[in-house]
Every structure is written in C-alpha cells, then in structure tokens.
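Heads up, the thing below is written out as structure tokens.
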Amino acid sequence: MNSSSSVPRLVVAAPSSGSGKTTVATGLMAALTARGLAVSPHKVGPDYIDPGYHALAGGRVGRNLDAYLCGPELIAPLFAHGARGCDLAVVEGVMGMYDGAAGEGELASTAHVAKLLRAPVVLVVDASSQSRSVAALVHGFASWDPEVRVGGVILNKVASDRHEELLREALDSAGVPVLGVLRRVPQVDTPSRHLGLVPVAERRAEAVEAVAAMAAQVAAGCDLEALVALARSAGALPGPAWDPAGALGPSPQGAAQDGWAPEGGALAGEAQDGRAAEGSAPVVAVAGGPAFTFSYAEHAELLTAAGAEVVTFDPLRDERLPEGTRGLVVGGGFPEVYGAELSANEALRKEVAELALGGAPVAAECAGLLYLCRELDGRPMCGVLDATARMDARLTLGYRDAVALGDSVLAPAGTRMRGHEFHRTVVEPGAGTAPAWGIRGAQRRVEGFVQRGVHASYLHTHWASEPGVARRFVERCRTS
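Mapped onto the working numbering, the consecutive letters of the sequence shown carry residue numbers 9 to 488.
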C-alpha cells in the first residue's frame with residue numbers, strides 16, 4: 009500500500025462529452041481491481057451517478073472532486089482522504105478537458121483538477137469520424153496548457169484494423185503514446201433518462217453486468233501495464249489528507265459557540281424534555297434507497313465526527329424512521345420517478361411530518377425538498393412545507409454562489425456556500441415561508457425554505473467546504 013500523498017493516479021479526460029470517459033474510467037477501475045489492486049475511484053465535478061458505477065467497479069465508495077463546491081485548496085486533501093490505503097487511483101473527468109465553471113476560467117475543469125493532483129492525463133478520443141486529423145486534435149489538447157501532462161491517448165470507436173493503423177501513424181508525430189484502442193461496438197447497457205444515467209441503486213444486477221462489460225472491453229483493448237506505469241509517474245501531493253474530525257476542529261463547549269442557541273438557552277448535551285443526554289450520539293436518519301441516491305460520502309463522515317449516529321433508511325420500503333431519530337437528512341435523487349410509491353407509504357410520510365413539525369432538524373436537498381412538499385405531480389407527499397411541486401420541461405442546471413438569508417439548523421445568517429442546481433421540477437410555495445438562500449451574481453434571486461428546524465433547498469452543497477454545517481446540525485439534534 010502507498011501513503012495517501014503518493015498514491016499512483018491518473019485522470020481520464022476527453023475533448024468533449026460523449027467521447028467514452030465513463031466507459032474507459034469505469035472499465036479501467038474494474039479491470040485493475042480484478043488484477044488484485046486496491047483502486048480508489050473519483051469523479052471530477054458534482055455528478056452523483058457515475059460514482060455509483062465507480063463503486064461497483066472498485067469495491068470502494070466513489071468520491072467527487074469539485075473545485076468549485078469545495079475550493080481548489082481541498083482537492084488534494086479530499087483525494088488523499090479517499091485514496092488512503094489504496095494501490096492506485098483513477099479519476100474520471102467531466103465534460104471536455106478544459107471545460108469548467110461557466111465564466112470562471114479553468115476553475116473546476118478536468119485540467120484544473122489534474123494540475124491540483126499533479127496527475128498525468130489519459131485522453132479518450134472518439135475517433136469514429138477521423139483519421140489523420142486525430143493528431144492535430146491530440147496535439148492541441150496536449151499543448152494548450154503546459155502544466156497539464158497528457159501522458160497517453162485511448163482511441164475509442166475505432167472501426168477496423170486499417171482505421172487503427174491510420175490513427176497510429178498520425179499520432180506517431182504528435183508525441184503522445186497510444187495506450188489503448190477500443191473498437192466500435194454496441195453501446196454498453198447504461199440507460200439514461202432526464203438527468204443522466206440511471207443510478208446503480210435502481211438497476212443493480214444490470215449495472216454489475218454493464219461494469220463487467222466495460223472491464224472486459226478495457227482489458228482487451230488497453231495496455232494496462234503502461235497505464236499503471238503512467239499512474240506511478242504522478243508527483244507527490246503536498247500537505248495532509250482531509251480528516252472529518254480535524255475539519256470540524258475542537259468541540260465547542262456549547263451550541264451557542266457556533267452562533268446558535270436553542271430557545272430557553274439550553275446547551276448542547278443537556279438531557280431535558282426527552283433530549284439527548286450529554287455525551288450520547290443522537291440518531292440522524294439519512295434517506296437512501298433507489299429514490300434518494302444523491303449524497304457525498306463526506307456528509308455522513310462529518311455527521312459521525314460531530315457525534316451523530318448515522319442510520320440509513322429507505323423511504324420506499326421502511327414505514328418507520330429509525331428508532332430514536334433526532335434529525336433527518338434527505339438528499340437528492342428521483343422522487344418524481346417514484347412518486348406513486350413514496351406517496352403510498354403514508355405511515356412514513358406522517359412520521360416525517362410529525363418529526364419536522366415538532367421542531368427536529370431536517371436538512372433536505374432537491375429531491376428531499378420535493379418529498380417535504382404538500383404534493384408532487386398531484387400526489388400527496390409529507391406536507392411539511394406549504395408548497396407544491398411538479399415536473400417541468402425546462403432543465404435548471406449550474407453552479408450557484410449562495411448566502412444564508414437567516415439563521416437555520418445548518419448555518420447562521422450571512423454564511424456563504426457554493427452549490428449546484430440540477431433538476432427538471434418547479435416548486436410553487438405558499439405564503440409566509442422564509443427563503444433559505446440568496447443566490448448571488450447574474451442568477452440573483454431567493455431560493456429554498458427555512459421554517460422551524462427545516463432547511464430545504466434545490467441546492468446541492470458539499471459540507472467539506474463548510475464543516476460547521478455538520479456540527480451545528482448535530483448540536484441541534486442533541487437539544488431539539
């Protein structure tokens with residue numbers, strides 16, 4: 009095993025979306041794992057779905073590396089945290105290699121993350137409609153930024169032996185070695201819908217077969233030894249690995265020290281009116297299952313480090329919240345796909361409503377926001393929020409710079425966080441609700457809901473950028 013700062017690593021990039029990054033990255037993770045290597049899987053950007061396939065391929069949780077949500081300074085520490093104890097890491101890029109946050113230059117692009125990780129890049133090129141021109145394309149990407157080291161190319165969708173020969177001849181003059189050639193074959197069975205690939209949790213058996221097919225394709229068409237050698241050429245990373253307990257810092261003496269005190273002035277840990285006893289771990293229920301698959305692993309790690317007992321439940325199947333639940337986290341996913349099943353689980357909907365209306369802390373993002381509404385596409389939901397939700401033809405997508413407009417269970421007023429919006433739904437609020445966030449910049453508007461202990465919003469946020477969110481939430485669980 010390697011120290012987390014020196015784990016061999018490479019970044020799988022492409023000139024554009026649709027070139028085959030996911031097939032190559034996922035197949036490479038699985039092929040190397042099958043050869044006995046402990047592979048750490050990572051994904052550039054806010055994508056929640058690809059890491060699920062990565063986890064199947066590598067047998068470890070897939071982690072995101074997002075320089076916009078977390079800041080460039082956290083990319084290397086978060087990578088080192090995820091790669092601790094591994095033999096090698098594979099990082100799948102996002103969009104085209106130099107495409108980042110709109111209007112922010114290189115920020116959050118695959119190239120930016122590769123530089124922050126001091127990692128060589130493997131460029132996946134869709135060669136289906138070109139021959140000699142491939143050399144100009146690869147040369148351009150390899151020379152555009154001298155700080156990005158393109159260590160090899162994998163040619164995808166190659167039609168024949170003659171086509172491969174022409175491509176290799178052209179690339180001889182580009183100075184970038186060909187590390188793999190994948191033939192044009194029927195697409196691996198990874199079905200998509202309105203927000204991208206169908207998550208693993210919804211089609212596990214088929215997903216396992218798809219990952220196996222990707223692994224076989226990569227193993228047959230790529231020089232795995234050369235790819236491992238390239239990964240070993242990565243430079244050492246500076247500084248220590250990220251650690252959830254370290255990120256939280258010393259435990260405050262009372263909840264008031266992080267800017268929040270419960271009504272009546274009770275401090276964290278006091279046992280009164282059924283509240284958690286001092287030193288006990290309040291149960292935080294986290295929604296999972298096929299309807300709620302979007303979450304970052306670091307959120308649960310931070311909640312645990314802050315003193316919570318994190319228990320996952322499935323709102324499609326479980327009719328009760330976990331025993332002793334003091335707080336609730338409902339992340340993103342596809343409640344619109346499972347609207348009928350979620351609505352039919354009336355017992356759980358009522359229990360969620362009772363918990364929230366009783367003042368317990370509830371954090372909901374995107375799909376979680378929809379679940380807390382009065383109804384979704386005409387079907388009854390939890391009714392925690394006086395709002396209705398419906399599917400919409402328009403895709404809302406992009407990074408957001410947000411500021412908390414008032415105190416909540418997650419953050420004091422004025423806290424700035426960056427988030428990501430990705431949905432095809434619209435929420436129509438009733439009267440008298442307070443917004444959670446003010447969106448800054450060209451998107452200037454208010455967004456989300458804060459009421460009692462509920463913080464619900466369309467924004468997906470990464471708590472590693474603001475670890476105090478987790479501590480604040482857990483302290484409120486102790487005292488609510």
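Even glycine gets a Cβ: it sits at the ideal position worked out from N, Cα and C.
If we ignore side chains and look at the alpha-carbon of each, how far apart do residue i and residue j end up?
i: D153; j: L73; result: 20 Å
i: L350; j: Y106; result: 40 Å
i: D415; j: A421; result: 5 Å
i: D95; j: G66; result: 11 Å
i: V318; j: A372; result: 15 Å
i: V338; j: R382; result: 16 Å
i: G90; j: L310; result: 14 Å
i: A313; j: V142; result: 49 Å
i: V15; j: V47; result: 10 Å
i: R325; j: N353; result: 8 Å
i: S168; j: Y76; result: 41 Å
i: P80; j: V121; result: 8 Å
i: A439; j: D394; result: 8 Å
i: L145; j: V206; result: 32 Å
i: G427; j: P246; result: 27 Å
i: E217; j: T41; result: 16 Å
i: V477; j: E455; result: 18 Å
i: A242; j: T34; result: 20 Å
i: I162; j: G376; result: 40 Å
i: A472; j: G386; result: 36 Å
i: T396; j: T404; result: 17 Å
i: A239; j: A127; result: 7 Å
Using the three-state DSSP reduction, which class does residue i fall into: helix, strand or coil?
i: T118; result: helix
i: Y61; result: helix
i: T441; result: coil
i: R460; result: coil
i: M425; result: strand
i: D409; result: strand
i: G446; result: strand
i: L73; result: strand
i: S473; result: helix
i: F302; result: strand
i: A274; result: Low local confidence applies: a pLDDT of 34 at A274 is under 50, so the model's placement there is unreliable, and no value is given.
i: R201; result: Residue placement at R201 is flagged as unreliable, the pLDDT there being 43, under the threshold of 50; a coordinate-derived value is accordingly withheld.
i: E327; result: coil
i: R240; result: coil
i: A39; result: helix
i: R453; result: strand
i: E177; result: helix
i: A221; result: helix
i: A478; result: helix
i: E6; result: Since the displayed the chain opens at 9 and closes at 488, residue 6 lies outside it and no answer follows.
i: V319; result: strand
i: L15; result: The sequence as given places Val at residue 15; Leu does not occur at that position. Correct three-state label for V15: coil.
For residue i, does the count of other Cβ atoms within 10 angstroms reach 16, so buried, or fall short, so exposed?
i: Q451; result: exposed
i: E362; result: exposed
i: K358; result: exposed
i: V24; result: Residue identity differs from the one stated: residue 24 is Ser in this sequence, not Val. Exposed, because fewer than 16 other Cβ atoms sit within 10 Å of the Cβ of S24.
i: R453; result: exposed
i: E173; result: exposed
i: P258; result: exposed
i: V434; result: exposed
i: A274; result: Since pLDDT at A274 reaches only 34, below the 50 mark, its modelled position is unreliable, and the value read off the structure follows with that caveat. Buried is the call here.
i: E233; result: exposed
i: E271; result: Because the pLDDT of E271 is 32, which lies under 50, any placement of that residue in the model is unreliable, and the number read from its coordinates should be weighed accordingly. So E271 ends up on the exposed side.
i: L190; result: buried
i: R402; result: exposed
i: E177; result: exposed
i: R212; result: exposed
Using DSSP bridges, identify the partner residues of residue i.
i: A33; result: Per DSSP, none; premise fails for A33.
i: R486; result: According to DSSP, which records beta bridges pairwise, R486 is partnered with nothing at all.
i: E8; result: Residue 8 is absent from the structure shown; the chain starts at 9 and stops at 488.
i: V161; result: L131, V186
i: V20; result: E100, V130
i: R191; result: V166
i: P49; result: V98
Ranges of the beta strand (DSSP E) found wholly within the stretch 330-407, counting only runs of at least 3: 333-338, 370-373
Can you check the stretch 84-151 for any alpha helix (DSSP H) of at least 4 residues that lies completely inside it and give the ranges in chain order? 118-124, 141-151
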